[in-house]
Amino acid sequence: MSDSSDHSALVFGLTQEISSVDPHEDTDAATRSVLFNVFEGLVKPTTDGEVEPAVAQDYTVSDDMTEYTFTLRDGITFHDGNPVTAEDVKYSLERSAGIDGDQSALSAISDISTPDDSTVVITLSAPDSEFIYNLTTAILEEANDAQQADNPIGTGPFKLTEFEEGQYLTLEKYDGYWNKDLDYIDEVQVKFVADADEAFMELQSGSIDCLQYLTKDQISSVGDDYNIITTTMMLVHGLFLNNDYEPLQNKEVRQALNYAVDRDAINEMFADGKGMIVQTHGYPRITAWYNKDTEGTYTYDPDKAKELLADAGYADGFDLEITVPSNFTQHVTTAEMIAENLKAVGINATINSVDWNTWLSETYQNRNYQATVIGFDISSLSPATWYKRYYSTSDNDMTNFASTEYDSLYDQAQQTTDNDTKKDLYGQMQQILTDDAASVFIQDPGDFIALNKRFTGLKTYPVSALDFSSVQYAN
Amino acid sequence: MKYFIKKIISLIITLLVISLLTFTAFSIIPGDAALSKLGVDASPTAVENLRKEYGLDKPVIVRYGDWLADALHGDFGQSFKYSNKSVSELMASRLPVTVLLAVMSLIIIVVVSLPLGMLSARFSGRWPDTVINIVSQVLMAIPSFFLGIIITYVFGIVLRVFQTGGFVSPDKDLQGCIRYLFFPAVAVAIPKIAMVVKYLRNSVLSEMKKDYVRTAYSKGNSDNQVLYGHVFRNALIPVITFVAMVVAEILAGSLVVEQVFSIPGMGRLLITSISARDYPVVQASVLYITTIVVVINFIVDVLYQLADPRIRYA
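Top line first, the protein sequences correspond to chains A and B.
When we follow my numbering, the leftmost residue of the first sequence carries the number -8, and every step to the right adds one.
When we follow my numbering, the leftmost residue of the second sequence carries the number 2, and every step to the right adds one.
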């Protein structure tokens, strides 16, 4: 298959279907990772979890962190060749905020002014030093307003040329892309495949050039035509506990669970030990905010777990139902391993496997569960969005975790404009999540990506992004 | 004519009942189209807004009424999952693929199973019959999806005569599409061939015992003359019914085979829309399946009359 001068399209296999190409619609990680190539915000994520100017050439932030001033990149154009104007930026931010409603991160904007064609001034209703992370919001062309959902026009390295629902999506190199330093492939076809096994067969037969989330068995049988890229999935993967379920209201019980689960074995099973073990809700690859001191708090120690259970008055264990979405086989396997670990310390763990939509509405939204295995990805680089998840009155506090100390640290962090102080506050919060054993945090799972040797490159990001502009032809 | 009207009325009643059942079932199972679309990070307000937009905030009975009123005007609404597509558009793009697959499977079934069935009957009790019997018994037991996986592996990965997942849509490259659908059609056809062969063989053998066969022989006809001139036509009647049900089954969407071979047909559309709780698409798909089954039953009745003029429906 690997013809040395073959410059045909890169076929990327995606085991999830993309159902919408409107970048302002709130969607799943897979959609975001593909649209990353087509659209850009004023700023865009970097490989280390920060942001760098994209549609904007540079920006300044006022000392009180309420006024962000952007100068647009000189000569930057949309995929149809029209220049990007300050009005387009204003339009895009307002459109996105309008779709997401009052809970949108962009609702903190009190005013957007456009003093000239290439300057945008964003004023916030309250100081926010993390606001820049929200400005990865896609900039769209205002003139194309009526067709944004069908045929959106962006500024990214690739333009969207074809979208066949349920089948594939084609991306073509945009020759007018502002970053002339980049040299990359001409065409990408993102192909939607029904399931992971089918996708792997297509990889082996050569219909697919690139596939992510391979298992360690698969990489050993994939053959010589592929290079394997090892990275992590950028998830906080764990056994999340409903802190309102009676036995789990007790901190010692939750700690016991933390001692009972064999994290290394799960990491080994998942990806040959290539994952990064965590003990808090944190992303080790984004070093700017991660509290490394939490690591190593709980070791695998079934005896200690039994002791803690006995202290808490659960010497004879208790019933624990682990709900798991059945479409993620790795989550199901993890749940099975955890159930064995818990049985070993006397907890009667059972597994309830449900379909994804049931999980979303019953477990996630209604919090009608005892424990669940899942992985949380990040949709925004702003740490405030990650840690809101444990704020006692938050809509998405699915674990029902409640700590007044945590809440007050969170509030302080939101009022701080100094990033060092902020890091310290977020670090303390991560420590509380560990010490109070909010859940059993396990790992950022390892991930294997196979890439046909016709190609080289492919950078990985700590956010949902498949950067095809980092891929070149091998010959 | 009276029979025809009766059939139409029963089709309408069936459609109404089925659509109401699907609707109710969908409102009972957990899961929510808006949440499904927006995912974990969606704000409750955004989910609420989308539910309103979809009309999911209204009671089931009101929603069913609205849906029915639109459907009667031929408007099946917009898909939730594919937000910019109407249900009719989606179905129109998937239907040709499934029809093509069904036609190809049908041709393979008929071409292969009729001669084999006759051969088996002709040599009943002797070795060709025994061999055909054993082979079809085995093939009948293999489910299509498993066959699909084996075919993909052998022809796609080992022999490489078939491009796994290399589906091209029929309006782009009809020939390429037919070439791709050949192996899936074989996977659909094989177990059915085995069944049709057995069916035809038994049907021929039971016809052979009838009086008219003895008469035919006494008039000096040869074995072949009796078999093809007299028995075949009569033996075909039950086989037609069976083949027609097979066609209905494939047209209704070979869910599993479409899934295994990544064919974007009606079956895959139904699976995706169920998992996305995309009920406008599910409703329309279920109606389509119901219609196919009822209409094919009707066609079978007509074919019966053609094959045997004694059968008349009042």
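No residue lacks a Cβ here, since even glycine has one placed at the ideal position from N, Cα and C.
B/L228: not part of any alpha helix (DSSP H); DSSP gives it neither H nor E. Interface with chain A (8 Å Cβ-Cβ cutoff): B/L36 is included. Of all alpha-carbon atoms in B/S106, B/M92 and B/L307, the one lying nearest the alpha-carbon of B/L288 is that of B/M92.
When only Cα atoms are considered, B/I275 and B/V283 end up about 6 Å apart. Sequence-distant Cβ neighbours of A/H228 in its own chain, meaning closer than 6 Å and more than five residues away, are G366, I433, Q434 and P436. Of the other Cβ atoms in all chains shown, fewer than 16 fall within 10 Å of the Cβ of B/L307; this residue is therefore exposed. Rounded to whole angstroms, B/Y65 and B/V187 show a C-alpha spacing of 40 Å.
Put simply, the backbone Cα of A/P275 is about 58 Å away from that of B/I110.
Rounded to the nearest whole angstrom, the CA to CA distance from A/D65 to A/D136 is 23 Å. The DSSP-derived three-state label of A/F3 is strand. Pairing A/N234 with A/T390 gives a Cβ-Cβ distance under 8 Å. Contacts with chain A at 8 Å (Cβ-Cβ) include B/Y83. Spatial neighbours of A/T341 in its own chain (CB-CB distance under 6 Å, excluding positions within 5 residues in sequence) are listed in chain order as E312.
In terms of Cα proximity to B/L96, the closest of B/F24, B/G118 and B/I290 is B/I290. Each residue's CA atom was taken as its position, placing A/A251 and A/T271 some 16 Å apart. Near chain B, meaning a CB-to-CB distance below 9 Å, the residues of the segment 334 to 349 of chain A are V345, D346, W347, N348 and T349.
Listed by position along chain B, the residues whose Cβ is nearer than 8 Å to that of A/I199 are G166. From the beta-carbon of A/M192, the residues of chain B found nearer than 9 Å are I150, T153, Y154, G157, I158, T165 and G166. Secondary structure of B/S204 (DSSP, three-state): helix. Within its own chain, the residues whose Cβ lies closer than 6 Å to the Cβ of A/V52, once the five positions on either side in sequence are excluded, are Y59, listed in chain order. A Cβ of chain A is located within less than 8 Å of the beta carbon of B/T273. By the neighbour-count criterion, in which 16 or more other beta carbons inside 10 Å mark a residue as buried, B/G78 falls on the buried side.
At least one CB of chain B lies nearer than 8 Å to the CB of A/V184. Counting C-beta atoms within 10 angstroms of its own C-beta, B/I14 has fewer than 16 neighbours from the protein chains shown and is therefore classed as exposed. Residue-level contact check: A/A140 touches chain B, since one or more beta carbons of chain B fall below 8 Å from its beta carbon.
Between A/T425 and A/T223, the C-beta spacing is not below 8 Å.
Apart from sequence neighbours up to five positions away, the residues of its chain that approach A/V345 with a beta-carbon distance below 8 Å are T314, V315, P316, S317, E353 and T354, ordered along the chain. Contact note: A/T18 reaches chain B through K38, L39 and G40, using a C-beta cutoff of 8 Å and chain order. As a beta-bridge residue in DSSP terms, A/A441 pairs with A/L202 and A/I219.
Collapsing the DSSP output to three states places A/V315 in a strand.
No Cβ-Cβ contact shorter than 8 Å links A/A326 with A/A296. For A/N339, the beta-bridge partners assigned by DSSP are A/D310.
For B/D33, a Cβ of chain A is located within less than 8 Å of the residue's own Cβ.
Contact check for A/T128 against A/L151 fails: the beta carbons are separated by 8 Å or more.
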